[in-house]
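A.B. asks: Read left to right, the sequence shown gives residues -27 to -1, 1 to 238 (mature numbering (1 follows the signal peptide of the UniProt record, and there is no 0)).
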Amino acid sequence: MSMARIKLLLVVILWMGITHHHHHTEAYSINNKKPTPYNNHEAETINRRAWLQQQVSILGSSLVVFASTWSSLPTTSCAKSPPLSPTQNPLESIKESQATLDKLLSNWKRATIDCTFADVPRELLETKNKELLLEKASIFALFDKSVSVETCKTTNRIVRDYLGVTGKGPLVGIDKKLKRGLDFVSPDDVEDYVAALESFSQSLSKASSLSYTAGVADFDAVNNFPKDAVDDTNENSNLEQAKLAISQAKDNLDLIVKYLEAGSA
């Protein structure tokens, strides 16, 4: 309850007390005789004024004590960690996003190629090799390197985690952080900052869309290929186009960080 409401409540209580006293007080003269109408009104006024002064004094003291006690009590916000201020400089958080994209691009092959598959060679599946196939199968052929071939597929899972579209990582909520950064940019850099912000958002959105499509439409995502062919990249694949968009997003984020650092200097 705020102090303003407390004061209002006390005033209402005081008013009710005055009204109650007005209806139930009978004025008497010094001789304990019922006074005349004029004297009765005058005595009642004096009586009510004295009672009012007494109540004001009592309520005033109570209010001081109550206010002192109220101010010493912890508020709800003190009982838990305060939320981040909407005007807090997001530079460090944005730097984390910058480092995340840099790490993804630097380890692109490891992040996008999964070589945990084993295939049986096609020649072993031919009709003339049926008996050999049965023989190898009887001794767990998939664990026999002479029978199985290690193959790979492209994957979009780690990429999408790094982009924050799965609810993980520093890039979650990045747009809000970048907009908050406007308050910390030098007036001379505001226009360039906004341009970099818009380009970053477009590139990140494009990367998110392409990375999703890569998982269901890219040939290498649904068909196995030999492990020794991992360097044979298809520049036209959705996954490689997503990489290009991520690189563009990283370049714009580099500019954004530069403007924020200049504004904080």
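Each residue gets a CB set at the ideal place from its N, CA and C atoms; glycine is no exception.
#1: Out of 201, 150, 187, 151, state which residue places its alpha-carbon closest to the alpha-carbon of residue 122.
#2: Alpha carbon to alpha carbon, how far is residue 237 from residue 77?
#3: Enumerate, from N- to C-terminal direction, the unbroken alpha helix (DSSP H) stretches of 4 or more residues contained entirely within the segment 137 to 168.
#4: Please work out which residues of its chain come closer than 8 Å, Cβ to Cβ, to residue 64, disregarding the five sequence neighbours upstream and downstream, and give them in chain order.
#5: Could you give the DSSP three-state label for residue 290: helix, strand or coil?
#6: Put residue 240 into one of helix, strand or coil per three-state DSSP.
#7: How is the alpha helix (DSSP H) around residue 85 delimited, first residue to last?
#8: When burial is assigned at 16 or more other CB atoms within 10 Å of the CB, is residue 161 buried or exposed?
#9: Over what stretch of residues does the alpha helix (DSSP H) that includes residue 122 continue unbroken?
#10: To the nearest whole angstrom, what separates the beta carbons of residue 150 and residue 66, a pair I think is in contact under 8 Å?
#11: Nearest-angstrom Cα distance between residue 81 and residue 70?
#12: Considering only the beta carbon of each residue, do residue 129 and residue 172 sit closer than 7 Å?
#13: Whose C-alpha, out of 74, 62, 68, is nearest the C-alpha of residue 223?
#14: Would you kindly report the start and end of the unbroken alpha helix (DSSP H) that includes residue 194?
#15: Report, in whole angstroms, the separation of the C-beta atoms of residue 126 and residue 204, which I expect to be a contact under 8 Å.
#16: What does a CB cutoff of less than 7 Å around residue 62 pick up in its chain, not counting 5 residues either side in sequence?
#17: My guess is that residue 148 and residue 174 are in contact by the Cβ rule of under 8 Å, so how many angstroms apart are they, rounded?
#18: Near residue 152, what residues of its chain come up, given a Cβ to Cβ distance below 8 Å and the 5 sequence neighbours on each side ignored?
#19: Straight-line CA distance for residue 265 to residue 159?
#20: Could you check if residue 189 is buried or exposed, using at least 16 other CB atoms within 10 Å of its CB as the buried criterion?
#21: What's the gap between the Cα of residue 227 and the Cα of residue 90?
#22: Can you give me the Cβ contacts of residue 179 inside the same chain, cut-off strictly under 7 Å, excluding the 5 residues immediately before and after it?
#23: Suppose contacts are defined by Cβ-Cβ distances below 7 Å. Is residue 142 in contact with residue 135 by that definition?
#24: For residue 168 versus residue 131, is the C-beta distance shorter than 7 Å?
#25: If I measure Cβ to Cβ from residue 137 and keep anything under 7 Å in the same chain, skipping five residues before and after, which residues do I get?
#26: Return the residue from the list 176, 86, 68, 72 that minimises the CA-CA distance to residue 198.
#27: Assign residue 240 to buried or exposed, taking buried as 16 or more other Cβ atoms, counted over all protein chains shown, within 10 Å of its Cβ.
C.D. replies: The short version:
#1: Taking the first residue of the sequence shown as 1, we reach residue 122 at position 149. Out of 201, 150, 187, 151, the CA that lies nearest to the CA of residue 122 is found in 201.
#2: Your numbering for residue 237 matches position 264 in the sequence shown. Your numbering for residue 77 matches position 104 in the sequence shown. The straight-line gap separating the alpha-carbon atoms of residue 237 and residue 77 is approximately 28 Å.
#3: Annotation note: the segment 137 to 168 contains the following uninterrupted alpha helix (DSSP H) runs of length 4 or greater, listed N- to C-terminal: 147 to 153.
#4: By one-based count along the sequence shown, residue 64 stands at place 91. Hits under 8 Å: 154, 157, 230, 233, 234, 237.
#5: Given a span of -27 to 238 for the chain in the structure shown, any question on residue 290 remains unanswerable.
#6: The displayed coordinates of the chain run from -27 to 238. Any statement about residue 240 would go beyond what the structure contains.
#7: Against the sequence shown, residue 85 aligns to sequence position 112. 81 to 85 is the extent of the alpha helix (DSSP H) around residue 85.
#8: Residue mapping note: residue 161 aligns to position 188 of the sequence shown, counting from 1. Result: exposed.
#9: As a working note, residue 122 is residue 149 in the sequence shown. Residue 122: not part of any alpha helix (DSSP H); member of the beta strand (DSSP E) spanning 122 to 127, first to last residue.
#10: As a position in the sequence shown, residue 150 is number 177, starting the count at 1. As a position in the sequence shown, residue 66 is number 93, starting the count at 1. Contact annotation, residue 150 with residue 66: C-beta distance approximately 5 Å; criterion of less than 8 Å satisfied.
#11: In the sequence shown, the residue the question calls residue 81 occupies position 108. In the sequence shown, the residue the question calls residue 70 occupies position 97. Rounded to the nearest angstrom, the two C-alpha atoms are 16 Å apart.
#12: The sequence position of residue 129 within the sequence shown is 156, counting from 1. The sequence position of residue 172 within the sequence shown is 199, counting from 1. Cβ distance not < 7 Å, so residue 129 and residue 172 don't count as in contact.
#13: Start at 1 with the first residue of the sequence shown, and residue 223 comes out as number 250. The alpha carbon of residue 223 has as its nearest neighbour, out of 74, 62, 68, the alpha carbon of 74.
#14: Residue mapping note: residue 194 aligns to position 221 of the sequence shown, counting from 1. Segment 192 to 195, the alpha helix (DSSP H) holding residue 194.
#15: Within the sequence shown, residue 126 is the residue found at index 153, counting from 1. Within the sequence shown, residue 204 is the residue found at index 231, counting from 1. Rounded, the Cβ-Cβ distance is 15 Å, inconsistent with contact.
#16: Indexing the sequence shown from 1 puts residue 62 at position 89. Same-chain partners within the cutoff: 157, 237.
#17: Your numbering for residue 148 matches position 175 in the sequence shown. Your numbering for residue 174 matches position 201 in the sequence shown. Rounded to the nearest angstrom, the Cβ distance from residue 148 to residue 174 is 6 Å, consistent with a contact under 8 Å.
#18: To locate residue 152, count along the sequence shown from 1; it is residue 179. Once the five neighbours on either side are set aside, the close Cβ partners of residue 152 are 170.
#19: With the chain running from -27 to 238 in the structure shown, residue 265 is simply not present.
#20: The residue you call residue 189 lines up with position 216 of the sequence shown. Exposed, because fewer than 16 other Cβ atoms sit within 10 Å of the Cβ of residue 189.
#21: As a working mapping, residue 227 is identified with position 254 in the sequence shown. As a working mapping, residue 90 is identified with position 117 in the sequence shown. The straight-line gap from Cα to Cα measures roughly 38 Å.
#22: The residue labelled residue 179 in the question sits at position 206 within the sequence shown. Correct list, in chain order: 218.
#23: As a working mapping, residue 142 is identified with position 169 in the sequence shown. As a working mapping, residue 135 is identified with position 162 in the sequence shown. Yes; because the gap between Cβ atoms is below 7 Å, this pair is in contact.
#24: Translated into the one-based positions of the sequence shown, residue 168 becomes position 195. Translated into the one-based positions of the sequence shown, residue 131 becomes position 158. No; because the gap between Cβ atoms is not below 7 Å, this pair is not in contact.
#25: By 1-based counting over the sequence shown, the position of residue 137 is 164. Only 144, 145, 147 meet the Cβ criterion.
#26: In the sequence shown, counting from the first residue as 1, residue 198 sits at position 225. When each option's Cα is compared against that of residue 198, the closest is 86.
#27: Here the chain has residues from -27 to 238 only, and residue 240 is not among them.
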